[in-house]
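Position 506 (the sequence shown) corresponds to 1590 in our numbering; numbering is contiguous.
Virtual Cβ for every residue (Gly too), placed ideally from N, Cα, C.
Source: prediction; values computed, not measured.
The structure under discussion appears below in the form of structure tokens.
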Amino acid sequence: MDIKSKSKLVLVAWVMLITIGISGVFAFFNHAPRYLDGYIDTPGFHDEVERFKEFLYVYELNTMSKEDMKKEITVSKEEIDEHRNRYGSLTDQVSNINVQYEQQLQDAKDSGNKAVEEAITKERDAKIADITENFKSDEHVRAKIIKEKEEKIDEFYEDLENNRAEYRRISRAFNYYLTETETGEVFTNLNIPKGEDADDFINKQKMLFTESYPSNAYGYLQAGLTNRYFPSNEPVQEILNERNKVYEGKVGLLKNAPGSSIISDYQQFKRQQVVFFVYILISILAIVASIRMGRKKEIKSMLGVERWRPFYSKVPFDLRVILFGLTGIFTLMSLFWMSDEVHYFSGNPVRSGLDFLMALITAAVFLAGLYVQGRFFWEYKDDFKRLKSDWNDSLFVRTFGFIMDAFTIKSISIILLIILGIVFISGFIFGRTYFDFRWYLGHYLFGLVFVGLPILIIVLRNAGYFNKIALNVEELAKGNMVSDLPVRGRSVFAKLAADINTLRNEVKVSHKEQAKSERLKTELITNVSHDLRTPLTSIITYTELLKTPDLAPEDRDSYIEILDRKSKRLKVLIDDLFEATKMASGNIELHKDRVDLNQLLEQALAEHNETLVQSSLQLRVSKPDHPVYAFVDGQKLWRVFDNLIGNILKYSLENTRVYISVKEELNRAVLTFKNVTKYELGDDLDELFERFKRGDQSRHTEGSGLGLAIAKSIVDLHEGSLDIEVDGDLFKVTVILQKVN
């Protein structure tokens, strides 16, 4: 057996020991009073003795015959009055009789059967005459009462005969020797030899129990009929109890009475008593063993409470409380079940053993569940914030919140409640009209609790959800950027909430883009104004200087050279701006052809070769040995390469390496330009594609700030992509174009 399986068995054994120990405590408090006192003190035994004494009285001590008992019948004035007015006054009784026969007489008349009509009339009149005589003559009533009592006496003696076999069975277990105190008449079932004292003879018998009369506990044996073991018979009980006979002597139970159920019960009790005390001893040992095992670290590590935490934490707090309470109740029930199985263990050992094992497993499972839940609840004592958080996330609080949300817009909720109220009331009225009320009421209340109430909660929950959506839309319409709506489930409302969240996010992005556009527009105007004004100012200034009389020829040549350079600079700016505008509007025509990208890149590099040689930059170019073709406008794409290389020359840090590579990836050509920047670029790379945006924010370098914007527009027109990446000071531009063979 591996270590893991052995550990599980040890843990199961420990839980079983705890369960047995606790069930022993339950068994002790539940059944100890019964087994500590003994069988003679049990209610069952006391009941059997009392039953025998009542049987003894009616079968042996009662010497009255049926006829003698009938002679003892008496009728009181109160009994006459009760019999006379039992069904109301004379008028009421006569009226009731007439009502009883009215329909029968009418049917006889309608059928034309005179004989039947006369017979019914005669029967009715006889009853009326009898009732009338009841109110006229006491003797007439007395005779009726006597007859009723005689019938009761006959029933009593019939019951005696019916129960005689039961009396004989019970009496075999008992011995009695009783003397009627008034007459001295002896009643006994003992065969006492002549001359031997009855007490001595009884004492020689093997008796389990003996009751003597008179005694301090019982006094004299006063016979009577209690109707506990015979059908209620008031006249007989009244006659027998009026005799008020008392007896002295002894009543005892034989220890070895053959075929006696009392002795069988006694022997069963002794077996149960042994099982009970053995189990109490076992439970004590189990408690001691479980405590010793529980102190070991191995047991604590085997408990594995944490494995249940992910599942348990998903259950709402209030359902956890209910689950904990139900687990506690079922644990108590299963422990009481175990104690009862111990109590009844000696009946059928195999069946009792299986039932006890089932009870033990059930109790152990519930006890383990109660322990795990108790551990989780115990953690709340040091973490009130988590307790409060879990309570706020409970099903009750959420349901209450849904209901409160439902009344945020009262008109909707009131209309829904009115509609539901009409439906429920209509259903009640319909059922009340067409079904038995008592039968229907139970079914209606059941449906109301288990169907109507959940429907009401669901309706109010959806109404609250709708109200929340409506208020969110209202705030959104006012321009307030409220938080996202919760999206619950897959209902229409959930889809609507998701759509509103999408719309809100798009509005938020639109506002952000609009603000960014306004900022960039302002920067564009500022940058264009600055870049155009600088050369224009120089041209105006030097033009004025050229108008100066007696200007030296060398100065005139210098001014003209400056004017030429500034005018060309102004032309470049205007051309770039015009081209950027055409690119942005898409109003440009491409003349595409099959072009070798390697050769086109070499041409661009050759254009800047002199500048590259004069700079301190170290250029590293890698490209395939074979041509890489793309279907592009060579002139426009050369402009892209020219702009990118020009930016590298302007903005690269001195004495650093520049890497340019051409690669093939499947059906794409990937060109990469990497350099170390001279200036800090920041995080918003997208702005580098904006017009007049320059890497040198101080604008000390030459350039229009339109290079990357134009380059990206050209690549986009070729259905390619131009992306920028910045890692610290490393600046990387990636151009991707579709390759052709």
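Excluding the 5 residues flanking it on each side, V1571 has same chain C-beta neighbours closer than 8 Å at A1578, A1581, A1582 and N1585, in chain order. Looking at the DSSP output, D1811 sits in a beta bridge with L1814.
If you draw a straight line from the Cα of N1556 to the Cα of S1510, it comes to about 36 Å.
Approximately 7 Å separates the beta-carbon atoms of G1108 and I1368; this is inside 8 Å, confirming the contact. In chain order, K1150, M1153, K1154, P1319 and V1320 place their CB closer than 7 Å to the CB of I1237, counting only its own chain and leaving out the 5 sequence neighbours on each side. When the beta-carbon positions are compared, A1249 and S1344 stay at least 8 Å from each other. For R1252, there is no enclosing beta strand (DSSP E); the enclosing alpha helix (DSSP H) has its first and last residue at R1248 to S1255. Of E1645, L1101 and L1616, the smallest CA-CA separation from L1630 is found for E1645.
With distances taken between CA atoms, K1707 lies nearest to K1747 out of T1483, K1747 and L1696.
Within the same chain, no residue comes within 8 Å of R1617 by CB-CB distance, once the 5 residues on both sides are set aside.
Judged by DSSP secondary structure, V1742 falls outside any alpha helix (DSSP H) and instead within the beta strand (DSSP E) spanning R1741 to E1749. By the Cβ test, the segment 1401-1419 is in contact with the segment 1447-1466, since at least three Cβ pairs between them sit closer than 8 Å. Looking at the DSSP output, L1806 sits in a beta bridge with V1819. With 16 or more other Cβ atoms inside 10 Å of its own Cβ, V1742 counts as buried. Per DSSP, the continuous alpha helix (DSSP H) segment holding D1726 begins and ends at G1718 to Y1735. Rounded to whole angstroms, the separation of the alpha carbons of E1132 and Y1464 is 56 Å. Annotation: L1647 to V1819 spans about 38 Å, alpha carbon to alpha carbon. Contact check for I1229 and E1163: beta-carbon distance about 6 Å, within the 8 Å limit, so the pair qualifies.
With respect to the 8 Å criterion, D1402 and E1425 are not classified as neighbours on the basis of their beta carbons.
Between the segment 1715-1722 and the segment 1675-1693, the count of Cβ pairs shorter than 8 Å is three or higher; the stretches touch. Judged by their CB atoms, K1290 and K1334 are not nearer to each other than the 8 Å cut-off. Assigned with DSSP and collapsed to three states, Y1464 falls in helix. Contact between Y1302 and E1295 holds: CB atoms are separated by about 6 Å, below the 8 Å threshold. Per DSSP, the continuous alpha helix (DSSP H) segment holding V1133 begins and ends at P1127 to L1140. Take G1105, set aside five residues on each side of it, and the residues of its chain with a beta-carbon closer than 7 Å to its own are S1367, A1370, I1371 and S1374, in chain order. Contact annotation: L1504 and L1540 have beta-carbon atoms nearer than 8 Å. Proximity of the segment 1200-1209 to the segment 1175-1187 meets the contact definition, three or more beta-carbon pairs being nearer than 8 Å.
Nearest to L1684 by alpha-carbon distance, out of F1662, W1722 and V1824, is W1722. F1219 places its beta carbon less than 8 Å from that of L1174. The three-state secondary structure of G1437, taken from DSSP, is helix. For Y1251, same chain residues with a beta-carbon under 7 Å away, outside a window of 5 residues either side, are F1139 and Y1143 in chain order. Cα atoms of E1239 and E1156: separation of roughly 16 Å, rounded to the nearest angstrom. Per DSSP, the continuous alpha helix (DSSP H) segment holding N1682 begins and ends at L1681 to E1691. The beta-carbon separation of F1757 and I1794, rounded to 15 Å, does not stay under the 8 Å limit for a contact.
Comparing alpha carbon positions, the residue from F1285, A1282, N1247 and E1332 closest to E1266 is E1332.
In this structure, P1400 lies near L1479, with their beta-carbon atoms less than 8 Å apart.
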